[in-house]
Amino acid sequence: MRKKIVAGNWKMNTTVPEGIELAKAVVEASSQVPSDVKLIIATPFTHLYPIAEVVKGSVVALSAENCADKEKGAYTGEVSAAMLESVGCQYTILGHSERRQYYGETDEKLVEKTRLALAHGLDVILCVGENLEEREAGKHFDVCAEQIKNVLYHFSAEELAHIVVAYEPVWAIGTGKTATAEQAQEIHAFIRQTIAEKFGKQAAEQTSILYGGSCKPSNAKELFAQKDIDGGLIGGAALKAEDFIGIAMSF
Ligand code: 13P
1 MRKKIVAGNW KMNTTVPEGI ELAKAVVEAS SQVPSDVKLI IATPFTHLYP
51 IAEVVKGSVV ALSAENCADK EKGAYTGEVS AAMLESVGCQ YTILGHSERR
101 QYYGETDEKL VEKTRLALAH GLDVILCVGE NLEEREAGKH FDVCAEQIKN
151 VLYHFSAEEL AHIVVAYEPV WAIGTGKTAT AEQAQEIHAF IRQTIAEKFG
201 KQAAEQTSIL YGGSCKPSNA KELFAQKDID GGLIGGAALK AEDFIGIAMS
251 F
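In this text, residue positions in the sequence shown follow the working numbering: the first is 1, and each later residue adds one.
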């Protein structure tokens, strides 16, 4: 049985005190969530150290939103996988479309970032997904397959066990537009098939594939009921503990 996961991606939101309050509220409400649902919060770098203390001993795991593609050294402004490990992170998101779009994140860099994150004991939430133009041109399958092949195919089946895939159609992120459950299921099944082509059916069946893009308490149930949707990567709705927990209770 693969893991059910609900991960909150806070993006560049909340000050440190606000983030601590939000994390406390999530920890407090987490007792309502069934124990087979893994809860993760991904916070800005500045928040990780104090929030590691907040989530300590709880069921909530801590994630970064990115990490450097270099081990260490003269890379001003970057944060390494070793640093994330040292503050108590268990996960990092990599390849979010906002990083691909605004910060020139390439698949080549993502291979390096993933390699370093895994080497430092972090599990990776690897994001893939097409933009509106690609969806309208019917290229969404090709785009997702290419992103999977360009990054995931560089790793072994053992490493794959530490990677979660998040399908996030760019056109559904922060727009209030959600992929229909059928659209999401269709592409999740396709992503799983693409993983199976390299790693085999069994490894693909063990890989959690999350949906991201305007996921909220009101639509999570229908999305999570789909055979190949193993949870969500939540943006806006993760900034309210009640909504985030509401989503996690939607399995
Ligand atoms: P929204 O839930 O705000 O659409 O964001 C999704 C996302 O990008 C999560 O990583």
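The C-beta atom is built at its ideal place from N, Cα and C for all residues, glycine as well.
Residue i Cβ short of 7 angstroms to the ligand 13P heavy atom set
| i | result |
| --- | --- |
| Ile173 | yes |
| Ser63 | no |
| Gly212 | yes |
| Leu22 | no |
| Gly231 | no |
| Gly235 | yes |
| His154 | no |
| Cys215 | yes |
| Asn150 | no |
| His96 | yes |
| Asn66 | no |
| Asn13 | no |
Residue i: first and last residue of the uninterrupted alpha helix (DSSP H) it sits in
| i | result |
| --- | --- |
| Asp107 | Asp107 to Ala119 |
| Thr175 | Here Thr175 belongs to no alpha helix (DSSP H), and DSSP marks it neither H nor E. |
| Val55 | Phe45 to Val55 |
| Ala137 | From DSSP, Ala137 is part of no alpha helix (DSSP H); its letter is neither H nor E. |
| Ser86 | Ala81 to Ser86 |
| Ala225 | Counting along the chain, Ala225 falls outside any alpha helix (DSSP H), and DSSP gives it neither H nor E. |
| His154 | From DSSP, His154 is part of no alpha helix (DSSP H); its letter is neither H nor E. |
| Ser322 | The requested residue 322 is not part of the displayed model; the chain covers only 1 to 251. |
| Gly246 | Ala241 to Ala248 |
| Leu15 | For clarity, residue 15 is Thr in the given sequence; the question names Leu instead. Note, Thr15: premise wrong, no alpha helix (DSSP H); not H, not E. |
| Ala196 | Ala181 to Phe199 |
Element boundaries [beta strand (DSSP E), containing residue i]
| i | result |
| --- | --- |
| Ile163 | Ile163 to Tyr167 |
| Val128 | Asp123 to Val128 |
| Lys3 | First-last for Lys3: undefined, no H or E at that position. |
| Ser35 | Ser35 -> no beta strand (DSSP E), and no H or E assigned at all. |
Residues that DSSP places opposite residue i in a beta bridge
| i | result |
| --- | --- |
| Val27 | According to DSSP, which records beta bridges pairwise, Val27 is partnered with nothing at all. |
| Ile234 | Gly8 |
| Tyr211 | Tyr167 and Gly232 |
| Tyr91 | Ser63 and Asp123 |
| Leu22 | Leu22 pairs with nothing; no bridge assigned. |
| Leu39 | Val6 and Val60 |
Cβ separation of residue i and residue j, assumed to be a contact under 8 angstroms, to the nearest whole Å
| i | j | result |
| --- | --- | --- |
| Ile209 | His188 | 5 angstroms |
| Arg99 | Glu108 | Rounded, the Cβ-Cβ distance is 14 angstroms, inconsistent with contact. |
| Ile40 | Ala23 | Their Cβ separation, rounded to whole angstroms, is 12 angstroms, which puts Ile40 and Ala23 out of contact at 8 angstroms. |
| Ala82 | Lys70 | Their Cβ separation, rounded to whole angstroms, is 11 angstroms, which puts Ala82 and Lys70 out of contact at 8 angstroms. |
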